[in-house]
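Undergrad: Sequential numbering from 66 applies to the sequence shown in my numbering.
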Amino acid sequence: MATHDKETEGKFELSRRDFLKAGAAAAVVGATGADMVFTASRAIAADVAATYTTTCPYCSAQCGQKVDVDASGNVLDIYGDSNNPTSRGGLCSKGAGSYQLVNNVRRLGVPEHTAAVDGFDFTGTAWKRIGNGAWSAIALDTAMTEIVAGDGGNHAGLKAIRDSLGAVTAGSTAASNAKTVMFFGSSHMNNEPNYLYRKVIAEFGTSLVEHQARI
66 MATHDKETEG KFELSRRDFL KAGAAAAVVG ATGADMVFTA SRAIAADVAA TYTTTCPYCS
126 AQCGQKVDVD ASGNVLDIYG DSNNPTSRGG LCSKGAGSYQ LVNNVRRLGV PEHTAAVDGF
186 DFTGTAWKRI GNGAWSAIAL DTAMTEIVAG DGGNHAGLKA IRDSLGAVTA GSTAASNAKT
246 VMFFGSSHMN NEPNYLYRKV IAEFGTSLVE HQARI
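1. Beta carbon of I266, beta carbon of F249: below 8 Å?
2. If you draw a straight line from the alpha carbon of A108 to that of G231, how long is it in whole angstroms?
3. Give the straight-line distance between the Cα atoms of Y117 and L261, rounded to the nearest whole angstrom.
4. With DSSP run on the structure shown, which of helix, strand or coil describes T210?
5. Does the separation of the CB atoms of S294 and C121 fall below 8 Å?
6. Report the residue from L205, G270, A126 and N139 whose alpha carbon sits nearest the alpha carbon of G155.
7. Please go through the same chain and pick out, in chain order, the residues whose beta-carbon is closer than 6 Å to the beta-carbon of F269, but skip the five residues on each side of it.
8. Return the CA-CA distance between K159 and G129, expressed in angstroms with no decimal places.
9. Cα separation between D100 and S137?
10. Going by DSSP, name the residue or residues bridged to H276.
11. Could you give the C-beta distance for V213 and L223, rounded to a whole number, given that I count them as a contact under 8 Å?
12. Here's the rule: buried if 16 or more other CB atoms are within 10 angstroms of the residue's CB, otherwise exposed. What is T271?
13. Is DSSP giving Q127 helix, strand or coil here?
14. Would you mind sorting N169 into buried or exposed? The rule is 16 or more other CB atoms within 10 Å of its CB.
15. On a Cα-Cα basis, can you pick out the residue from Y123, N149 and D133 that is closest to S251?
16. A161: which of P150, K131, D135 and S229 sits nearest, CA to CA?
17. If you reduce the DSSP assignment to three classes, tell me which class I226 lands in.
18. Can you look up A115 in the DSSP assignment and give me helix, strand or coil?
19. Can the beta-carbon of A111 be found closer than 8 Å to that of V134?
20. Identify, in the order they occur along the chain, each residue of the same chain with its Cβ nearer than 6 Å to the Cβ of I143, setting aside the five sequence neighbours on each side.
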């Protein structure tokens, strides 16, 4: 007759032998080539004029992606490439959502800041000068010029701030400067822009760097 031990009731016990058995079984399943089922393209087949094979831009894993486009080259869908030997059709949440990097009414590419999403104006760059003033849309060239050279008013510009620091070792903290600049990263920046951005920060002479995921 089996005995009932209240002290072990509801507890999961796994011996070393059972663990090795389970691991061996998993290895056999993997060797058979059994794959997870991944979502196929969401695009309507009749609208797809071409499908391109590429890799995800977000990290060095470079998971395989398929991109469906219509006759005008508009992206219809981005999904995992099941023929990729590394990712085998799988994508993380960022890779799976990369379609929205291209097509999303809420995408802040070059919009004017407005209350209504439908009111976005995609002809300028989101810009807000120091103070509590409203957001406005300005040309990208104008924005870049003012970031570097300043606006002749409250905003001194990165060049003047950097020049005021004098000799600064690249990557050192310039916390003693009254106009210290802090740089923020973005999870939507790809490998190459991230590399260049980090070089700019180091040459500026500061280690005050933060990332949006930690804020």
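Just so it is clear, CB atoms sit at the ideal spot from N, CA and C, and this is done for glycine as well. Since the structure is predicted, the reported quantities are computational estimates derived from the model, not experimental observations.
TA: In terms of the structure at hand:
1. no
2. 56 Å
3. 27 Å
4. helix
5. Because the chain spans 66 through 280 in this model, residue 294 falls outside it and cannot be assessed.
6. A126
7. R227
8. 13 Å
9. Residue placement at D100 is poorly supported in this model, since its pLDDT is 41, which falls under 50; the coordinates are not used for a value here.
10. G250
11. 6 Å
12. buried
13. coil
14. exposed
15. Y123
16. K131
17. helix
18. strand
19. no
20. Q130, V132, S163 and Y164
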